[in-house]
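Visitor: Residue numbers (the numbering used here): 19 to 275. Note that CB positions come from ideal geometry on N, CA and C, so glycine has one too. Model, not experiment: these values are computed from the prediction.
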Amino acid sequence: MIYLKTEEEIELLRENNILVSKTLAEVGRHIKPGVTTKQLDRIIEDFIRSNGATPAFLGYQGYPASACISVNEQVVHGIPSDNIVIKEGDIVSVDVGTFMKGFVGDSAYTFAVGEVAEEVRQLLEVTKEALYRGTAQAKAGNRVGDISAAVQDYAESFGYGVVRELEGHGLGRKMHEEPGVPNYGLRGRGPLLKEGMVICIEPMITMGNRAIVFERDGWTVRTKDRKPAAHFEFAVAIRKNGPDVLTDFSIIENSLR
Ligand code: MF3
Ligand code: CO
């Protein structure tokens with residue numbers, strides 16, 4: 019069942035996703051060589067709570083932290099740890115969820131730590147552009163497959179892998195609602211997009227082969243070939259005239275300068 023949201027509900031979802039964007043900006047300022055992903059998780063939890071929300075991931079299906087922090091070959095769902103120390107040249111994907119006023123925020127950004135290899139910088143840029151191209155298809159009358167195909171075609175045109183085992187999703191009072199939003203697929207296929215739907219689009223793109231491995235911690239997903247992967251996520255409301263992006267990456271990017 020796909021829940022269509024009212025204007026008021028979309029504004030509450032926007033409030034949540036703006037708080038997620040501000041949280042990502044806050045943690046981005048602390049992503050420096052020597053910091054542990056556990057320390058970053060603590061910063062995220064404190065920031066969310068001091069802004070009157072609760073971390074939506076904490077306790078979700080038993081998840082043990084406030085954020086997913088995935089470094090280099092980790093694709094998504096990396097569990098923050100005292101043993102994972104950030105170093106120069108790393109890429110760090112941070113996925114944050116909030117719960118406030120009955121609704122959920124969920125967005126992600128992959129940060130570069132200092133100078134990263136040119137090919138890694140390109141992976142980040144292409145993954146973000148794939149998200150933007152998918153988002154451009156998120157309008158009433160299109161289908162989920164239009165988003166999926168836009169993401170897949172752009173990423174694969176660079177020879178990158180598109181992870182298929184995980185996908186985007188509807189967003190509302192629950193973090194995962196229908197419909198699923200795969201990052202691969204065919205134009206004109208899949209559920210029809212209607213005014214008032216809110217979805218998360220979240221490409222997970224690998225520099226090498228798209229094969230992944232689920233680590234024995236029960237959460238962490240990494241590339242099988244241990245090459246880097248990137249992940250960016252937007253929450254988007256479907257409107258007649260086009261996408262209404264509820265996440266704001268400019269808050270993150272302005273704070274990095
Ligand atoms: N953004 C992720 C998703 O859409 C985060 C969920 S992971 C968990 O699936 F930590 F919350 F479990
Ligand atoms: Co999500």
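I need the boundaries of the beta strand (DSSP E) containing residue 219, first residue and last residue.
Guide: In the sequence shown, the residue the question calls residue 219 occupies position 201. Its beta strand (DSSP E) spans residues 216 to 219.
Visitor: Considering Cα atoms alone, identify which of 128, 188, 37 is closest to residue 46.
Guide: Within the sequence shown, numbered from 1, the residue matching residue 46 stands at position 28. Per the Cα distances, 128.
Visitor: Residues bridged to residue 249 by DSSP?
Guide: Within the sequence shown, numbered from 1, the residue matching residue 249 stands at position 231. In DSSP, residue 249 forms a bridge with 222.
Visitor: Would you check if the region 258 to 275 and the region 228 to 238 touch, i.e. whether three or more CB-CB distances between them fall below 8 Å?
Guide: no
Visitor: I want to know whether the region 95 to 112 touches the region 26 to 38 - three or more CB-CB distances under 8 Å.
Guide: They do not touch, by the three-pair rule.
Visitor: For the ligand CO, I want to know if residue 86 counts as a neighbour, meaning its beta carbon is within less than 7 Å of at least one of the ligand's heavy atoms.
Guide: As a first step, residue 86 must be located in the sequence shown, where it is residue number 68. Residue 86: no, Cβ never under 7 Å from the ligand CO.
Visitor: Consult DSSP for residue 155 and reduce its assignment to one of helix, strand or coil.
Guide: Within the sequence shown, numbered from 1, the residue matching residue 155 stands at position 137. Three-state DSSP puts residue 155 in coil, outside helix and strand.
Visitor: Any idea if residue 24 is buried or exposed, counting beta-carbon neighbours within 10 angstroms, 16 or more meaning buried?
Guide: Locating residue 24 in the sequence shown gives position 6, counting from the first residue. Classification for residue 24: exposed.
Visitor: Which two residues bound the contiguous alpha helix (DSSP H) that contains residue 46?
Guide: As a working mapping, residue 46 is identified with position 28 in the sequence shown. 25 to 46 is the extent of the alpha helix (DSSP H) around residue 46.
Visitor: Please indicate yes or no: does the CB of residue 267 lie closer than 7 Å to some heavy atom of the ligand MF3?
Guide: For the purposes of this step, residue 267 is taken as the residue at position 249 of the sequence shown. If you check the C-beta of residue 267 against the ligand MF3, you find no heavy atom less than 7 Å away.
Visitor: In the DSSP output, what is residue 244 paired with across the bridge?
Guide: Working through the sequence shown from its first residue, we reach residue 244 at position 226. Paired residue(s): none; residue 244 is not in a bridge.
Visitor: Inspect the beta-carbon positions of residue 90 and residue 246 and report whether they are closer than 8 Å.
Guide: As a working note, residue 90 is residue 72 in the sequence shown. As a working note, residue 246 is residue 228 in the sequence shown. Yes, Cβ-Cβ distance for residue 90 and residue 246 is below 8 Å.
Visitor: Do you know whose CA, among 83, 44, 121, lies nearest residue 188's CA?
Guide: Locating residue 188 in the sequence shown gives position 170, counting from the first residue. Ranking the options by Cα distance to residue 188, first place goes to 121.
Visitor: Residue 14 and residue 181: beta carbons closer than 8 Å?
Guide: In this structure the chain extends from 19 to 275, so residue 14 is not present and cannot be described.
Visitor: Within its chain, find whatever has a CB closer than 7 Å to the CB of residue 36; leave out the 5 residues flanking it on each side and keep chain order.
Guide: Here residue 36 corresponds to residue number 18 of the sequence shown, with the count starting at 1. Same-chain partners within the cutoff: 266.
Visitor: Rounded to a whole number of angstroms, what is the C-alpha to C-alpha distance between residue 40 and residue 19?
Guide: Walking along the sequence shown from the start, residue 40 turns up at place 22. Walking along the sequence shown from the start, residue 19 turns up at place 1. Spanning the two alpha carbons is a distance of roughly 31 Å.
Visitor: So, is residue 95 buried or exposed, given that buried needs 16 or more other C-beta atoms within 10 angstroms?
Guide: Position 77 of the sequence shown, counted from the first residue, corresponds to residue 95. Residue 95 is buried by the Cβ-count criterion.
Visitor: Can you tell me where the beta strand (DSSP E) with residue 128 in it begins and where it stops?
Guide: Taking the first residue of the sequence shown as position 1, residue 128 is located at position 110. Its beta strand (DSSP E) spans residues 121 to 130.
Visitor: Is residue 187 a contact residue of the ligand CO, with contact defined as CB to any heavy atom under 7 Å?
Guide: The sequence position of residue 187 within the sequence shown is 169, counting from 1. It does: the Cβ of residue 187 is within 7 Å (strictly closer) of some heavy atom of the ligand CO.
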